[in-house]
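Everything on this sheet refers to the single structure shown next.
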Amino acid sequence: MEFQTWLAFFAACWVISLSPGAGAIASMSSGLQYGFWRGYWNALGLQLGLALQIAIVGAGVGAILTASATAFYAIKWFGVAYLVYLAVKQWRALPSDMSDDAAVRPIGKPMALVFRGFLVNISNPKALVFMLAVLPQFIDPHAPLLIQYLVIGATMICVDLIVMAGYTGLASKVLRLLRTPKQQKRMNRTFAGLFIGAAAFMATLRKAAV
1 MEFQTWLAFF
11 AACWVISLSP
21 GAGAIASMSS
31 GLQYGFWRGY
41 WNALGLQLGL
51 ALQIAIVGAG
61 VGAILTASAT
71 AFYAIKWFGV
81 AYLVYLAVKQ
91 WRALPSDMSD
101 DAAVRPIGKP
111 MALVFRGFLV
121 NISNPKALVF
131 MLAVLPQFID
141 PHAPLLIQYL
151 VIGATMICVD
161 LIVMAGYTGL
171 ASKVLRLLRT
181 PKQQKRMNRT
191 FAGLFIGAAA
201 FMATLRKAAV
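Numbered per the working numbering, the sequence shown spans residues 1 to 210.
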């Protein structure tokens with residue numbers, strides 16, 4: 001991959017990662033609930049999902065899945081259902097004691113957060129279709145493909161890790177300002193609404209648009 005091509009792809013990665021989506025919402029939700037260091041496990045899961053999607057596209061399986069209406073809608077409705085589940089869970093989350101003498105935050109299990117992030121990304125068919133449409137534009141078919149996809153994958157994952165760290169850290173800082181149960185309840189329900197919004201958007205995806 002030529003440097004200019006990589007530089008264009010690098011810029012595109014920032015635009016893609018900074019665009020609000022289910023991954024950003026999940027990162028902010030995790031940071032809000034668990035703090036930065038614990039909540040960031042969710043971002044690692046997002047990257048595992050992203051890496052698998054890149055591998056699927058690189059292997060050519062993405063074209064098969066994109067062409068199959070059954071596979072497309074199966075992935076789509078699984079993603080919708082999972083985002084709705086996260087919305088209900090966030091809506092029902094109990095306020096925490098955020099007084100100055102309460103130093104204990106809810107402890108999220110790292111592997112559970114990784115799996116949560118993985119499911120958020122891998123169950124988004126739009127991301128798979130998007131990468132199938134965009135990634136080949138930066139690929140030189142006459143050069144070794146494996147190395148190019150490894151460079152692309154590493155670039156996307158590194159940029160997304162930085163961006164999700166920002167989303168997670170921002171939410172974890174906001175958490176310190178939420179002192180009363182009423183404030184926390186409003187915030188939890190705000191994130192629940194965002195998850196529902198992401199689910200509704202995913203539900204509007206149509207196979208014909210691919």
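C-beta: ideal position from N, C-alpha, C; glycine also.
Test item: CB-CB of residue i and residue j under 8 angstroms
i: Gly23; j: Val120; result: yes
i: Met156; j: Leu50; result: yes
i: Leu145; j: Gly58; result: yes
i: Trp91; j: Ala192; result: yes
i: Ser172; j: Gly35; result: yes
i: Trp41; j: Leu113; result: yes
Collapsed DSSP secondary structure at residue i in the structure displayed
i: Pro136; result: helix
i: Arg189; result: helix
i: Ile28; result: With the sequence shown as reference, residue 28 is identified as Met, and Ile is not the correct amino acid for it. In the structure shown, Met28 sits in a helix (DSSP, three-state: H, G or I).
i: Lys182; result: helix
i: Arg92; result: coil
i: Gly60; result: coil
i: Gly153; result: helix
i: Ala143; result: coil
i: Gly21; result: coil
i: Leu86; result: helix
i: Leu177; result: coil
i: Thr204; result: coil
Beta-carbon proximity list for residue i, same chain, < 6 angstroms, skipping 5 on both sides
i: Tyr167; result: Ala24, Ser27 and Met28
Host alpha helix (DSSP H) of residue i (start-end)
i: Pro110; result: Pro110 to Ile122
i: Ala8; result: Phe3 to Leu18
i: Gly39; result: Phe36 to Gly39
Cβ-based neighbour list, residue i, same chain, cut-off 7 angstroms, excluding 5 preceding and 5 following
i: Ile75; result: Ser123 and Pro125
i: Ala43; result: Ser27, Gly117, Leu161, Met164, Ala165 and Thr168
i: Phe3; result: none
i: Arg189; result: Trp91
Nearest residue (CA-CA) to residue i, options the options
i: Ile54; options: Leu132, Gly197 and Thr190; result: Leu132
i: Ala203; options: Glu2, Phe72, Gly60 and Ala11; result: Phe72
i: Leu170; options: Ser30, Ala200 and Trp41; result: Ser30
i: Ile196; options: Trp14, Phe36, Lys89 and Ala154; result: Lys89
i: Gly60; options: Phe201, Pro136, Val15 and Phe9; result: Pro136
i: Ser17; options: Phe130, Gly39 and Lys182; result: Phe130
i: Pro110; options: Val15, Tyr149, Gly79 and Arg38; result: Arg38
Neighbourhood of residue i by C-beta, 8 angstroms cutoff - its chain only, sequence neighbours within 5 removed
i: Ala198; result: Gly21, Ala22, Ile25 and Leu83
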